[in-house]
Structures are given as C-alpha cells and as structure tokens.
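Peer 1: As they're listed, the protein sequences go chains U and A.
Counting with the numbering used here, you get residues 2 to 164 for the letters of the first sequence.
Counting with the numbering used here, you get residues 4 to 288 for the letters of the second sequence.
Let me give you the structure first, and then I'll get to my questions.
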Amino acid sequence: MLTTRDDVYAVLSGVMDPEVPVISVVDLGIIRDARVEGDAVQVTVTPTYSGCPAMREIEDDIRSALVAAGAASVQVNTVFSPAWTTDWIGPEAREKLRAYGIAPPGKAEPQGLVTLTRARPAAVCPFCGSADTRLQSEFGSTACKAIHVCRECRQPFDEFKAF
Amino acid sequence: MSNDQSHNDTGEPGGVAQAPKPAANVSVAAPRRAPIENALFEYVLRLGDDRLVLGHRMSEWCGHGPILEEDIALSNIALDLVGHAASLLNLAGEIEGKGRDGDALAYWREAVAYRNALIVELPKGDFGFTIVRQFLFDAYSVLLWDALSHAGDERIAALAAKCLKEDKYHLRHSSEWVVRLGDGTPESHERAQRALDELWRFTFELFERDAVDDAVAAHGVVVDHDAIRSRWNGMVAEVTSRATLTLPTDTVAMRGGRHGRHTEHLGHMLAEMQIVARSHPGASW
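If you want it as structure tokens, here you go:
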C-alpha cells in the first residue's frame, strides 16, 4: 500500500527509462515530487528534452506501476522549471550507465549563452577507459546521447551528453 | 475556408477553429478578452509557430541527410523544435481559454492564421541553405530565450529556460557547419554564400517589434529587440568571418508573417503537415 512519498519513490525506482533500461526515472532525476492522498497519487515530472518521444511512454509506465502498487488514481503533472539537468543523475546511476556501455555525462555547462567554440574534455571510453577519444556527432540515437569513437580500442560509443 | 487576409490584418489572432471541438465560430460571440490576454496569446503563438514551421522544414531532411550523422542530427533538432512548439502552443491555447490545445492550433489553422516569421517557412533548399537558415535562426533564438528566461511571466520564463538549453546545442551545431561549408570547397562556399545572400532580407522581421510586443512588455515580458539584434550581429559577424563568407549589406526587408501575410510556400507545407489530422478528425491511437 502506498502511504508516503518514499513509498511512491520506491515504486518509481523500478520504472526504467525505456531508451536506457538500466537507469530508473528516479535515477534520471525527472521525478520532482510525489504526494499521496488516500489512494490517489500525484507525481510531478519534468521532461528531459522537449522533443523526447519517450516522455509519453514514461508517463504511462509511471501510471501503470503505481496502479499495480495499489493507487486508485494517478495524476502526472509536468513542470518545466527548474529545467532538467544531467547533474541530477547520481553517482550510482552514472556507474550503471558506464557498465551498460554509455559514457556518463560530465558536468553540465553553466547557465548563460553558448560559447561558439567548444572547449570540453573528451569523453572517456566506457569500454577501455581511455580518454583518447573523438566526438563523431553531438546528436545520437536519442536526444540525450552523442556519438564518440575511441582511438585506443577503436570502439564507437554513446555518451549521455552533459546537459 | 472562411478566413481571409483582411480579417487577419486587424491583429486578431484569427483562425476560427475548424476542429471537432470546441464548437466552431466561438470567437464571434465570445466577449472580448482583456487586451493583455489577446496580446499574450498572440505573442506565444508567434513563438510557437516559428518553431513548428521550422521544425517541420527540418523534419523534411529525415532520410535525406547528406551523411548518416547529419540525418540523425537534423531529425533530432526537428524533434526539439516541434517539442518546443508543442509546449508553446499548449500554453497559447491555455492563455486563449477557448479550449484549443497545441494540436488544435497546429492542425486546424489556415496559413493566414499562422504567425511565424517568413524566414522559417521557406523551402528547405539544399543543405547549405538549411544550415545557414538554421544558424541565423538559432543565434536569434538563443538570444531571445536568454532574455525571456528573465521575463515577468513565469510560464514563459520556465519554457524559455528549457528551450535555451536545447537551442544552445543547435547553435553550436549550425555554427560549426557554417564554418565548415563556408571555409570548405569552392562549391560549398558558393552555396553557403548564396544562401546567406538569399536569406538576409528575411532576417529583419525577427527583430521587429509591434503593438503586441509593446503590450506584453507592459505585462513584464520585456525584450530589448535592439540589444538582441546587436548581439546577433556580433555572433553572425564572428561566425561568417571564420567561414570566409561576406555579410550582405542590402537592407531590403521581407516581412508579413507576424500578421498572417505569408509566402506561397507555407500553404503547401501546411497541406502536408495537416492532412492526417484533417482526414481523421478527433482520431486517437
């Protein structure tokens, strides 16, 4: 039975990101709040990327997990502020990403305007640990990933981009 | 369709809903809303329409990119822009208060009811044209979101801060490509220069202010258009100079999109974009 905020978070820790199924929606940092009133649950979510097609599915997954855990009704609210950042992904989740073959995100860029010339550290290869890598494309198979290639082990790999 | 241009020149948002719900023609009998809501609706509609139309143009590259990575990048950027448009048009519908959501606004308005600037509706052209346009727009968009993230309307400020983060990626992508094309082969240089020359006259409209801007500024949504334009000039000068491109000096300005006067291209684009929703009104899947 769900009675507290922690109960809801415990259930949501089992709801995995559909695109990166080793980290949960709680690991991702997109669950901003949860409330239980009787058997009704309210969850506040913030989107990762505005155009991420997985967001709708994530909402459905949240809803069905909470219903399966005993909630009679589930309301999912969306907030945009503060904007989601990969800095909210914790150390354990970063390790899970690395073990899954995705380089975890570095520190997000500070707020403010873009620097037109990039000066950022190279992504570390999740397979061999080398930092001798090059960026292939800032856009990858999903909105949240960039593609790199490791010069050491010659393996292309995804990076969860710092955002 | 019943909308005509003179109707839309009054500054009314126009675009009577043809969607199954809400009932058609509600705007005729409805009491006039407070002017600030009209202006805010119009303002957010402009922001949303710019991104919806540009996002759709960008999506036309899906499966046609010059290299695989670029196909993926352009499709990703298209998704972001359409995502921004969805949030903005939903907010516009909420402000309007007539029961129209983002989908109703996207799929059930005629071209004359669209409020995008003309630059975003031009056909995608070649890769050089797409990239140069994207760069000119991204630089504007990043500066605009930066200003709006401090706006006195917290709904707009929240969306602006969110969109800013994503548009920074777009700007880096498009500016790097402008340099690569301009400072690339004679062919890529020539095409990038031609795109810049063709697009220049459409850039002025992005920075123009009218009664809508003044009205929302009184409501706290203050944007210093001149400051944005001058920072934009700086960014554009920096990137085009690295790209060995020559900045056009002509001052002929094409305008009209903000008031529903569009090029012939928008109607064709909307026909394709809207046909599924209009063929199956109210369908869900």
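Glycine residues also receive a C-beta, built at the ideal position from the N, C-alpha and C atoms.
Here the structure is a predicted model, which means the values were calculated and not measured.
In three-state DSSP terms, what is A/R103?
Peer 2: Note: A/R103 maps to coil in three-state DSSP.
Peer 1: Can you list, in chain order, the residues of the region 66–79 of chain A whose Cβ is nearer than 7 Å to any Cβ on chain U?
Peer 2: Taking 7 Å as the Cβ-Cβ cut-off against chain U, the residues of the region 66–79 of chain A that qualify are E72, I75, A76 and N79.
Peer 1: Check for me: the alpha helix (DSSP H) holding U/R64 runs from which residue to which?
Peer 2: Here the alpha helix (DSSP H) through U/R64 covers A55 to A69.
Peer 1: Measuring alpha carbon to alpha carbon, tell me which residue in A/E40, A/N41, A/D52 and A/I39 is nearest A/G263.
Peer 2: Nearest C-alpha to A/G263: A/D52.
Peer 1: Cβ atoms of A/M257 and A/L2: under 8 Å apart, would you say?
Peer 2: Chain A is shown only over 4 to 288; residue 2 of chain A falls outside these bounds and no answer can be derived.
Peer 1: Pair every Cβ in the region 90–102 of chain U with every Cβ in the region 52–61 of chain U, then say whether three or more of these pairs are closer than 8 Å.
Peer 2: Touching, no, given that fewer than three Cβ pairs across the two stretches are closer than 8 Å.
Peer 1: Based on the DSSP output, what are the partners of U/P157 in its beta bridges?
Peer 2: DSSP output for U/P157 lists U/V150 as bridge partner(s).
Peer 1: So U/G107 contacts chain A; which residues on that side make the cut at Cβ distance below 8 Å?
Peer 2: None at all; the shortest Cβ gap to chain A is about 14 Å.
Peer 1: Please confirm whether A/V85 has its beta-carbon closer than 8 Å to some beta-carbon of chain U.
Peer 2: Yes, because at least one Cβ of chain U sits closer than 8 Å to the Cβ of A/V85.
Peer 1: For A/D7, which residues of its own chain have a beta-carbon under 6 Å away from its beta-carbon, when the five flanking residues on both sides are left out?
Peer 2: The pLDDT assigned to A/D7 is 39, lower than 50, so where the model puts this residue is not dependable; a value taken from the coordinates is nonetheless given after this. Result list for A/D7: empty, nothing under 6 Å.
Peer 1: Would you check if the distance between the CB atom of A/L84 and the CB atom of A/G58 is smaller than 8 Å?
Peer 2: Yes, the Cβ-Cβ distance between A/L84 and A/G58 is below 8 Å.
Peer 1: Would you mind giving the Cβ-Cβ distance between U/R152 and U/R135, rounded to the nearest angstrom? I have them listed as a contact below 8 Å.
Peer 2: Correct: roughly 7 Å between the Cβ atoms.
Peer 1: So that I know if they touch, is there some Cβ in chain U lying closer than 8 Å to that of A/E97?
Peer 2: No, A/E97 lies away from the interface with chain U (no Cβ there is under 8 Å from its Cβ).
Peer 1: Among A/R232, A/D213, A/K101 and A/R197, whose alpha-carbon lies nearest the alpha-carbon of A/I134?
Peer 2: Looking at the Cα atoms, A/R197 is the closest of the given residues.
Peer 1: Any beta carbon from chain A within less than 8 Å of U/E93's own beta carbon?
Peer 2: Cβ-Cβ to chain A under 8 Å: no for U/E93.
Peer 1: Would you say U/F158 and U/G102 are within 8 Å of each other, going by their C-beta atoms?
Peer 2: Closer than 8 Å, so yes.
Peer 1: Which residues in the same chain have their Cβ closer than 7 Å to the Cβ of A/F140, if we skip the five residues on either side of it in sequence?
Peer 2: Cβ neighbours of A/F140 beyond the five flanking positions: L57, I122 and V123.
Peer 1: Output needed for A/T13: all residues of its chain with C-beta closer than 7 Å, excluding positions within five of it in sequence on either side, in chain order.
Peer 2: Annotation note: pLDDT 38 at A/T13 (below 50); position unreliable, coordinate value reported separately. Excluding positions up to five away in sequence, the list is empty.
Peer 1: Here's a check: name, in chain order, each residue in its chain whose Cβ is nearer than 6 Å to the Cβ of U/A123, leaving out the five neighbours to either side.
Peer 2: Within the same chain, U/A123 has close Cβ partners A132 and T134.
Peer 1: Counting only Cβ pairs nearer than 9 Å, list the residues of chain U close to A/Y172.
Peer 2: Ordered by position in chain U, the residues that pass the 9 Å Cβ test against A/Y172 are V115, E139, F140, K162 and F164.
Peer 1: Do you know offhand how far U/G1's Cα is from U/A73's?
Peer 2: What the structure shows of chain U is the stretch from 2 to 164, and residue 1 of chain U is not part of that stretch, so it cannot be assessed.
Peer 1: For U/F128, decide whether its Cβ has a neighbour in chain A, counting only Cβ atoms nearer than 8 Å.
Peer 2: No, U/F128 does not count as interfacial toward chain A.
Peer 1: Going straight from the alpha carbon of U/M2 to that of A/G131, what length do you get?
Peer 2: The alpha-carbon atoms of U/M2 and A/G131 are separated by roughly 58 Å.
Peer 1: Between A/L94 and A/V145, which are expected to be in contact by the criterion C-beta below 8 Å, what is the C-beta distance as a whole number of angstroms?
Peer 2: The pair is not a contact, with the Cβ atoms about 20 Å apart (cut-off 8 Å).
Peer 1: By the criterion of Cβ-Cβ separation under 9 Å, what are the contact partners of A/E63 in chain C?
Peer 2: Chain labels in this structure do not include chain C; the protein chains are U and A.
Peer 1: With H, G and I counted as helix, E and B as strand and the rest as coil, what does DSSP make of U/D34?
Peer 2: Correct three-state label for U/D34: strand.
Peer 1: Please state if the CB of A/I75 and the CB of A/A150 are separated by a distance shorter than 8 Å.
Peer 2: No; because the gap between Cβ atoms is not below 8 Å, this pair is not in contact.
Peer 1: Where A/G237 and A/E211 are concerned, what is the direct C-alpha to C-alpha distance, given to the nearest angstrom?
Peer 2: When rounded, the distance between both Cα atoms is 18 Å.
Peer 1: Going by beta carbon distance, what residues of the same chain come within less than 6 Å of A/R175, once the five residues before and after it are set aside?
Peer 2: Contacts found: none.
Peer 1: Hey, could you find the ends of the alpha helix (DSSP H) A/A116 is sitting in?
Peer 2: First-last for A/A116: undefined, no H or E at that position.
Peer 1: So, for U/R6: in the same chain, excluding its five sequence neighbours on each side, which residues have a beta-carbon less than 6 Å away from its beta-carbon?
Peer 2: A35, listed in sequence order.
Peer 1: Can you tell me the Cα-Cα spacing of U/A109 and A/S282, whole angstroms?
Peer 2: Distance between the alpha carbons of U/A109 and A/S282 is about 44 Å.
Peer 1: If you measure between the beta carbons of U/T47 and U/R64, is that distance less than 8 Å?
Peer 2: Cβ atoms of U/T47 and U/R64: not closer than 8 Å.
Peer 1: Could you give the first and the last residue of the continuous beta strand (DSSP E) run that contains U/R135?
Peer 2: First-last of the beta strand (DSSP E) with U/R135: T134 to S138.
Peer 1: Go ahead and label U/Q76 buried or exposed: buried means 16 or more other beta carbons lie within 10 angstroms of its beta carbon, across all protein chains shown.
Peer 2: U/Q76 is exposed by the Cβ-count criterion.
Peer 1: From A/K153 to A/E190, what does the alpha carbon distance come to, in whole angstroms?
Peer 2: Residue identity check: residue 153 of chain A is His in the sequence provided, not Lys. Straight-line Cα distance between these residues: approximately 43 Å.
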